[in-house]
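Student: Taken in order, these protein sequences are the chains called A and B. Just so we're aligned, residue 9 is where the first sequence starts under the numbering used here, counting upward by one. Just so we're aligned, residue 31 is where the second sequence starts under the numbering used here, counting upward by one. Glycine included, each C-beta is placed from N, C-alpha and C at the ideal position.
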Amino acid sequence: MRKEKEHAVLTIENLSAEVDGASGTKQILKGLNLQVAAGEVHAIMGPNGAGKSTLANVLGGKPGYDVTGGSVTFKGADLFDLDPHERAATGLFLGFQYPVEIPGVSNVQFLREAANAQRKYRGEDPLSGGEFLKLAKEKAGLLKLDMEMLKRQVNVGFSGGEKKRAEMVQMGILDPSFAVLDETDSGLDIDALRVVGDGINAIMRAPDKGVLLITHYQRLLDVVKPDRVSILAGGRIVQTGGPELALQLEDEGYDAVMADA
Amino acid sequence: MPEAATLPTRRDEAWRYADIDAVARIGATALDQWRDITVEAGETWRETMVIGGNAPELHRIRLTVGKGARGELFATNVGQDFTRLEIEITLEEGAHFEFGGVTIGGGNAVREFVTKTVHAHPNGTSNQTVRSVHWGTGTGNFLGEIKVARHAQKTDAAQDFKGLLLEAGASANAVPQLEIFADDVKCAHGATIGQLDESARFYMAARGLSPEVTQRLLVQAFLGDAFVELDDEETRSALLNAALKALEGADL
Ligand SMILES: Nc1ncnc2c1ncn2[C@@H]1O[C@H](COP(=O)(O)OP(=O)(O)OP(=O)(O)O)[C@@H](O)[C@H]1O
Ligand SMILES: [Mg+2]
């Protein structure tokens, strides 16, 4: 059932964006429309190079990506009025396709500073060291990530799968109201995929939250069952349907499904 | 007869990036003021210092490290005017010299470390790590000369410099200078100069950290290397905190 527009957490209208590349600027998003209702997990699938990560980066406010048209409304406010760190503090979480290594900064220090920076922005009291560690332990446990990993430098020397799992621990600690997860399933082994999927459900399945789940494969969608599925191709949403659309894509491929539409 | 001190010029290798006008303001006689330190055989000597204020400073140390002894010097240079720490080290057999230094600051000032390490006897080791963080039109320099005498076999000398420039007008210079007369020695030196990692900055912003906090965390991580060999938590944080305090005053 399509929910009323007022209940949308995220509304993207006619969004156009370009990226400053080495060979000049290139338009990637070309009038993209998408709405995610409260309580909804919305999967985004699409061919390589379609603009999925670009959409995530534009929502996060990554430098080098310029919005050339359209609007994004997040929790009733203009998302583009906010700086990247303010978007995060407002409840937007970006799970990176390629999480970044930060040598010399431990996960514990990084996440405690991040959690408290967000709390401060929202006018909440900071977490004490003890409170933070308790929270971190709980979320690391949820994602079956060894607490020792959180004492190490951010993502430095983590395997591909460990990085993705650590992203979800971060999400658990920061407890966002909306998550854009860019190929969080890539690099995960079979067991880890289930752990991460269950983690996403535990952290993000709530009536007032929302998720944009960017993925190439049905296997994550078997665990995190999407309410809606959209196909992003050529910088636009070309088709939206229920969970069956992902299954159809898995069977027939993009060309056949998009030709049918 | 002591020679009358005359001002150096930038043609002198060890003064090529210095602010000679500032030296003139201190007065040439300051050039004669060396502190002499001798570390007896088998002993350990350690000093940590935070140097630099609103006027130019020149610190000159002559350090002799005896047989099997260890000399350690760690310094944070936060000068808002020309601030130079110069160390001449002579290593006896099997002696070790450890240096960790940070230069940090904006404005128009030059901060520098100048070391001359003489491996005079066999089996000596030295390790020098300098980190420089600058903005505005600030400058940080590390001039490290290493001499290995003909019979100083099995010498192991290392120098490592990294500069982090927070604004386009800032600069950092590394000048390693090796004079090696023995054949069985290891001398490693590395120097890189860069900016804050853009992808790390965005990643941290995406987790809710403001540009100021992000910068502080990244600078703190960058500086850490300079003091890892300082085996004393309290003085290590004092040196780091002095550096980070200088960053707080930055108008970036
Ligand atoms: N920083 C950049 N510089 C140059 N080109 C870019 C940049 N970022 C994205 N692009 C280009 O924009 C297009 C869309 O890239 P994007 O990463 O959004 O695709 P995607 O849908 O996430 O693909 P994938 O499924 O492979 O992850 C590609 O052609 C890509 O090369
Ligand atoms: Mg992508």
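(1) Applying a beta-carbon distance threshold of less than 7 Å, which residues of chain B neighbour Q126/A?
(2) Between which two residues does the alpha helix (DSSP H) harbouring P111/A extend?
(3) Let me make sure I understand the geometry here. Which of K217/A, Y262/A, F118/A and D28/A has the alpha-carbon closest to that of Y225/A?
(4) Can you check the region 83 to 168 of chain A for any alpha helix (DSSP H) of at least 4 residues that lies completely inside it and give the ranges in chain order?
(5) Quick check: does the Cβ of V7/B come within less than 7 Å of any heavy atom belonging to ligand 1?
(6) Anything in chain B within Cβ reach of P134/A, meaning under 8 Å, just list it in chain order.
(7) Whole angstroms is fine: what's the gap from G78/A's alpha carbon to P55/A's?
(8) Tell me which residue opens and which closes the beta strand (DSSP E) that G261/A is part of.
(9) So, helix, strand or coil for N171/B, using DSSP?
(10) Going by the C-beta, is D197/A closer than 7 Å to any heavy atom of ligand 2?
(11) Express the C-alpha separation of V27/A and I117/B in angstroms, rounding to a whole number.
(12) Counting along the chain, where does the alpha helix (DSSP H) carrying N271/B start and finish?
(13) Can you pull the DSSP bridge partners for W75/B?
(14) List the residues of chain A that G254/B touches, going by C-beta distances under 7 Å, in chain order.
(15) So which residues put a beta carbon under 5 Å from any heavy atom of ligand 1, going in chain order?
(16) Could one say the Cβ of Q105/A lies closer than 8 Å to chain B's Cβ atoms, at least one of them?
(17) How many whole angstroms separate the CB atoms of V75/A and G218/A, which I take to be in contact at a CB cut-off of 8 Å?
(18) With hydrogens ignored, establish whether the beta-carbon of D190/A is closer than 7 Å to any heavy atom of ligand 2.
(19) Which residues, taken in chain order from the region 224 to 236 of chain B, show a beta carbon closer than 9 Å to some beta carbon of chain A?
(20) Given 8 Å as the limit, is there contact between the region 120 to 132 of chain B and the region 86 to 105 of chain B, that is, 3 or more CB pairs closer than that?
(21) For the putative contact between A123/A and L37/A, defined by C-beta atoms under 8 Å, what is the C-beta separation to the nearest angstrom?
(22) Using the beta-carbon of each residue, which ones in chain B are nearer than 7 Å to V219/A?
(23) State yes or no: is the C-beta of Q117/A nearer than 7 Å to some heavy atom of ligand 2?
(24) Sort P92/A, I20/A, E94/A and V108/A by Cα distance to S229/B and report the nearest one.
(25) Any Cβ of chain B within less than 8 Å of the Cβ of A25/A?
(26) Along the alpha helix (DSSP H) that carries R90/B, what are the first and last residues, could you check?
(27) Cβ of V80/B less than 8 Å from any chain A Cβ?
(28) So, with DSSP's three-state summary, where would you put T223/A?
(29) If we call anything under 8 Å between Cβ atoms a contact, is T167/B one with G135/B?
Tutor: In terms of the structure at hand:
(1) As a working mapping, residue 126/A is identified with position 118 in the first sequence. Those are G238, listed as they occur along chain B.
(2) Within the first sequence, the letter at position 103 stands for residue 111/A. Element bounds for P111/A: not the alpha helix (DSSP H) but the beta strand (DSSP E), I110 to S114.
(3) On the first sequence, residue 225/A is found 217 positions in, with the first residue counted as 1. Closest option to Y225/A, Cα to Cα, is Y262/A.
(4) Taking only runs of at least 4 residues, the alpha helix (DSSP H) segments lying wholly in the region 83 to 168 of chain A are 92 to 97, 115 to 129, 137 to 150 and 155 to 159.
(5) Here chain B comprises residues numbered 31 to 282, so residue 7/B is not present and cannot be evaluated.
(6) One-based indexing of the first sequence puts residue 134/A at position 126. Correct list: empty, because the minimum Cβ distance to chain B is about 13 Å.
(7) In the first sequence, the residue the question calls residue 78/A occupies position 70. In the first sequence, the residue the question calls residue 55/A occupies position 47. Approximately 23 Å between the Cα atoms of the pair.
(8) What you label residue 261/A is simply residue 253 of the first sequence in a count that begins at 1. Boundaries for G261/A: no beta strand (DSSP E) harbours it, while the alpha helix (DSSP H) harbouring it runs P251 to D268, taken from the DSSP string.
(9) The residue given as residue 171/B occupies position 141 in the second sequence. In the structure shown, N171/B sits in a strand (DSSP, three-state: E or B).
(10) Against the first sequence, residue 197/A aligns to sequence position 189. No, Cβ of D197/A sits at least 7 Å from all heavy atoms of ligand 2.
(11) For the purposes of this step, residue 117/B is identified with residue 87 of the second sequence, where counting begins at 1. For the purposes of this step, residue 27/A is identified with residue 19 of the first sequence, where counting begins at 1. Taking the straight line joining both Cα atoms gives about 50 Å.
(12) Position 241 of the second sequence, counted from the first residue, corresponds to residue 271/B. Looking at the DSSP string, the run of the alpha helix (DSSP H) that includes N271/B is E263 to E278.
(13) The residue labelled residue 75/B in the question sits at position 45 within the second sequence. G101/B, per the DSSP bridge assignment.
(14) For this step, residue 254/B is matched to residue 224 along the second sequence. Those are G112, listed as they occur along chain A.
(15) V27/A, G29/A, I36/A, N56/A, G57/A, A58/A, G59/A, K60/A, S61/A and T62/A
(16) Here the question's residue 105/A lines up with position 97 in the first sequence. Not closer than 8 Å to any Cβ of chain B, the Cβ of Q105/A fails to qualify, so no.
(17) Residue mapping note: residue 75/A aligns to position 67 of the first sequence, counting from 1. Residue mapping note: residue 218/A aligns to position 210 of the first sequence, counting from 1. With 8 Å as the limit, V75/A and G218/A do not qualify as a contact, their Cβ atoms being about 21 Å apart.
(18) Position 182 of the first sequence, counted from the first residue, corresponds to residue 190/A. Yes, since a heavy atom of ligand 2 falls inside the 7 Å radius drawn around the Cβ of D190/A.
(19) D227, E228, S229, A230, R231, F232, Y233, M234, A235 and A236
(20) yes
(21) As a first step, residue 123/A is located in the first sequence; it is residue number 115 there, counting from the start. As a first step, residue 37/A is located in the first sequence; it is residue number 29 there, counting from the start. Their Cβ separation, rounded to whole angstroms, is 31 Å, which puts A123/A and L37/A out of contact at 8 Å.
(22) Translated into the one-based positions of the first sequence, residue 219/A becomes position 211. Those within 7 Å of V219/A in chain B number zero; the least Cβ separation is about 16 Å.
(23) Within the first sequence, residue 117/A is the residue found at index 109, counting from 1. No; taking the cut-off as 7 Å, the Cβ of Q117/A has no heavy atom of ligand 2 nearer than that.
(24) Against the second sequence, residue 229/B aligns to sequence position 199. Checking every option, the nearest Cα to that of S229/B belongs to V108/A.
(25) Locating residue 25/A in the first sequence gives position 17, counting from the first residue. Chain B, which has no Cβ nearer than 8 Å to the Cβ of A25/A, makes this no.
(26) The residue given as residue 90/B occupies position 60 in the second sequence. Premise fails: R90/B lies in the beta strand (DSSP E), E87 to V95, not in any alpha helix (DSSP H).
(27) Along the second sequence, read from residue 1 onward, the residue named residue 80/B stands at position 50. At a cut-off of 8 Å between beta carbons, V80/B makes no contact with chain A.
(28) The sequence position of residue 223/A within the first sequence is 215, counting from 1. Of the three classes helix, strand and coil, the one that applies to T223/A here is coil, per DSSP.
(29) The residue given as residue 167/B occupies position 137 in the second sequence. The residue given as residue 135/B occupies position 105 in the second sequence. Against a cut-off of 8 Å, the Cβ pair of G135/B and T167/B comes out as no contact.
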